[in-house]
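Comments concern the structure below.
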Amino acid sequence: MWSTFIVSLKSNLRNKSALFWLIIFPIALATMFNGVFGDLDKAMSITPISVAVVEDANWDNAVGASTLVEALSGKKTGGRTDTSSSKTISSDVNIDVKLLDTTNVTSSAQARKKLDTGEVEGYLSADKDGRIALTVSSDTVTKANNGTQEAGLDVSLAALDNVIDQYNRTSATVLTALKDNPNAAMTRTFWNGISTAANGTREISLTNFKPDAMARYYYALMGMSCLIAMSYMIYTVTASQANLSALGIRRTVAPLGRAKQLVAGFLAGWLCTSTCLLIALAYIRYGCGIEVGGREPLAVLAVIVASFMTCSLGTMIGAIPKLTTGVKQGLSTAIACSLSLFSGLYGGFAMELSDLITRKAPFLAIINPAQQVTNLFYSLMYYDSYQPFIRTCAILFVMSAVFLTVGVIMLRRQRYEHL
Numbered sequence: 001m002w003s004t005f006i007v008s009l010k011s012n013l014r015n016k017s018a019l020f021w022l023i024i025f026p027i028a029l030a031t032m033f034n035g036v037f038g039d040l041d042k043a044m045s046i047t048p049i050s051v052a053v054v055e056d057a058n059w060d061n062a063v064g065a066s067t068l069v070e071a072l073s074g075k076k077t078g079g080r081t082d083t084s085s086s087k088t089i090s091s092d093v094n095i096d097v098k099l100l101d102t103t104n105v106t107s108s109a110q111a112r113k114k115l116d117t118g119e120v121e122g123y124l125s126a127d128k129d130g131r132i133a134l135t136v137s138s139d140t141v142t143k144a145n146n147g148t149q150e151a152g153l154d155v156s157l158a159a160l161d162n163v164i165d166q167y168n169r170t171s172a173t174v175l176t177a178l179k180d181n182p183n184a185a186m187t188r189t190f191w192n193g194i195s196t197a198a199n200g201t202r203e204i205s206l207t208n209f210k211p212d213a214m215a216r217y218y219y220a221l222m223g224m225s226c227l228i229a230m231s232y233m234i235y236t237v238t239a240s241q242a243n244l245s246a247l248g249i250r251r252t253v254a255p256l257g258r259a260k261q262l263v264a265g266f267l268a269g270w271l272c273t274s275t276c277l278l279i280a281l282a283y284i285r286y287g288c289g290i291e292v293g294g295r296e297p298l299a300v301l302a303v304i305v306a307s308f309m310t311c312s313l314g315t316m317i318g319a320i321p322k323l324t325t326g327v328k329q330g331l332s333t334a335i336a337c338s339l340s341l342f343s344g345l346y347g348g349f350a351m352e353l354s355d356l357i358t359r360k361a362p363f364l365a366i367i368n369p370a371q372q373v374t375n376l377f378y379s380l381m382y383y384d385s386y387q388p389f390i391r392t393c394a395i396l397f398v399m400s401a402v403f404l405t406v407g408v409i410m411l412r413r414q415r416y417e418h419l
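Below you can see the structure in the form of structure tokens.
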């Protein structure tokens, strides 16, 4: 049996077609995904904008403006009190994203000069009423509208504009309230209400970590590659069938029983499949930077479980009687490509279709092997609990049991009139 395992292993390693589809194909497609989708996260991220801050008399009268700029520049501020013109406002600003790279100037003329020479992308100034205004250069506007010259600039400008607008509205509200009721500044309730109104939204995480937006495509690719790997077991099973090859005749009359031959071939195919898919997973994880939330050991386990399932499916397809090896290999490819459509591999439409099936017809998603392989990685990325991962592994083991049972039944019923 050990000799049969070694021979089957060597035979699998010499199968250049299978090695191409299990290693080269997913790596090539993942590289294409990385080239197409790689800059999308950068395009939606906030990058610091270089601005000049006009610290003139008007700026000194803008209550809390310096505190705001310091916070947007990445400097932590908390519990500070800015006082000017006998007005007092307490600030508690703690911003984790750096939005500004600031340069201080003393006049608008200096700021415009730096803007014209390209030293800064814009400048901040205050009017006599304490309202902050942002002025940007025409080149900056062109880059933001283009979106390809400087990724994330349009998002940063929109975020900065929103912050400035919120500051101006809050400042106007405070000044109006204090004008009508000067004693309101002495109460904590007043400032708590202002703080609550200013912090209208906040970012929270609903998943185990912040996954890459395009990660679904990479792991749908893993699902397809996993199903293509059933070709190993199809070859192993058909090579033991006397009516399909001369090798099958010799194995049929060999002293080693058919069951041991198939077990040795199954183990060899499982080992090759797991190794090839682990290579693809390593490239996706470290070459393309698609993380699994620090759960790499479980991702390896996911590959091993998925490989066991696809070898079981390959055993069942290989055991189908009266079909040639070529037809069985073609059938396996058709199954892999078709089921990958419903797991979301082929673009946005396929992803929407996969989500629709999961919501409206969950049973169809459960019996789709490609979807369940993809769900193995989804459960690692999107859930704090390990229960979804364990549940998906259980589904794949049930599938494997069904596939192996059907395959063994078909193989036991096969008899030959002569060899």
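Take the sequence shown: its letters are residues 1 to 419, numbered as in the UniProt record's numbering. Glycine included, C-beta positions come from ideal geometry on N, C-alpha and C. These numbers were taken from a predicted model, which means no experiment stands behind them.
The Cβ atoms of G269 and M233 lie closer than 8 Å to each other. Judged by DSSP secondary structure, I390 falls within the alpha helix (DSSP H) whose first and last residues are 387 to 412. The Cβ atoms of L404 and S312 sit closer than 8 Å to each other.
In this structure, V303 lies near L277, with their beta-carbon atoms less than 8 Å apart. If you compare the alpha carbons of Y235, A394, L376 with that of S8, the shortest gap goes to Y235. Taking the Cα of R359 as reference, the smallest distance to any Cα among F342, A370, G347 is reached at F342. Between I6 and S274, the alpha-carbon positions lie close to 16 Å from each other.
Here the region 104 to 118 does not lie against the region 155 to 166, with fewer than 3 beta-carbon pairs under 8 Å apart. Inclusion of G347 and S354 in the CB contact set at 8 Å is not warranted, their separation being larger than that value.
Cβ atoms of V373 and C226 come within 8 Å of each other, at about 5 Å. Put simply, of I390, M224, N61 the residue whose alpha carbon is nearest the alpha carbon of F25 is M224.
In the DSSP annotation of this structure, the continuous segment of the alpha helix (DSSP H) that includes I357 starts and ends at 348 to 360. The beta carbon of S50 sits closer than 6 Å to the beta carbons of D101, V120, E121 from its chain, once the five residues preceding and following it are set aside; these are given in chain order. For Y382, the uninterrupted alpha helix (DSSP H) segment begins and ends at 369 to 382.
Counting along the chain, the unbroken alpha helix (DSSP H) around N146 starts and ends at 138 to 146. Straight through space, the alpha carbons of A144 and G318 are spaced by roughly 57 Å.
Closest in C-alpha terms to Y217, from the list A172, N375, A334, comes N375.
V63 is positioned such that its CB atom lies no closer than 8 Å to that of V53. Residue nearest to P388 within the set C337, M32, L298 is L298 (criterion: CA-CA distance). Cβ-Cβ distances below 6 Å link G407 to T315, M316, A319 in the same chain, with the five nearest sequence neighbours on each side left out; the list follows chain order. Note on geometry: alpha-carbon atoms of G130 and D212 lie some 41 Å from one another.
Residue nearest to A280 within the set K10, R14, T31, M1 is T31 (criterion: CA-CA distance). Within the same chain, I366, Q372 come within 7 Å of I395 by CB-CB distance, once the 5 residues on both sides are set aside.
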